[in-house]
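Heads up: the sequence shown is residues 28 to 160, going by our numbering. Scroll down for the structure; my scribbles are underneath it.
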Amino acid sequence: MGSSGVGKSTLVNLLVPDAERAVGDVNPVTGRGRHTSASAVALALPEGGWIIDTPGVRSFGLAHINPDEVVAGFPDLDEAVAECPPGCTHAADAPGCALDIWVAEGRLDPTRVASLRRLLTSREGGDESGGGR
Ligand SMILES: Nc1nc2c(ncn2[C@@H]2O[C@H](COP(=O)(O)OP(=O)(O)O)[C@@H](O)[C@H]2O)c(=O)[nH]1
Ligand SMILES: [Mg+2]
Ligand SMILES: [Zn+2]
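This is the structure in structure tokens:
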């Protein structure tokens with residue numbers, strides 16, 4: 028996976044000779060690629076296994092991941108989260124969220140809490156998930 032224009036389809040074409048994935052131009056002004064590959068396609072590798080060519084980072088989302096699984100990706104926040112009220116969403120406006128208390132007490136890195144909240148928010152917002160446009 029990677030942003031548009033980094034060369035994903037070029038690599039796929041080399042690894043799977045008859046893939047014939049379209050390869051795009053990079054915009055000379057922005058240095059970014061266009062989303063030449065319109066859909067994700069799984070291709071069988073000649074040596075066995077699979078490779079998936081995708082349009083770009085924007086095609087990845089966390090909608091199928093439940094909030095607890097997102098939180099589990101932040102083991103450094105475990106102790107604080109254990110003190111949250113039952114059913115806490117850990118969102119910025121969640122009443123009594125222990126993450127806010129721990130940050131206020133200087134016991135947690137606020138950038139870690141911000142990262143967690145950005146991921147949790149991206150599950151709801153669809154396109155805010157970061158990466159592509
Ligand atoms: N200079 C350079 N250009 C590359 C390389 N790989 C791909 N390209 C070019 O970068 C552009 C975008 O490649 P593409 O495979 O479509 O990127 P994708 O959007 O990630 O699938 C094309 O013009 C490719 O020819 C590389 O290793 N070096
Ligand atoms: Mg591509
Ligand atoms: Zn919480």
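The beta carbon of each residue, even a glycine, is placed where N, CA and C say it ideally should be. All values derive from a computational prediction rather than experimental measurement.
Taking the CA atoms as reference points, Ala119 sits about 29 Å from Gly29. In the pairwise beta carbon analysis, the segment 132-139 is classified as not touching the segment 68-78: fewer than three pairs are separated by under 8 Å. Around the C-beta of Asp103, fewer than 16 other C-beta atoms lie within 10 Å, and the residue is accordingly described as exposed. Not one heavy atom of ligand 3 is found less than 7 Å from the C-beta of Leu38.
DSSP places Ile78 in the strand class (E or B) of the three-state scheme.
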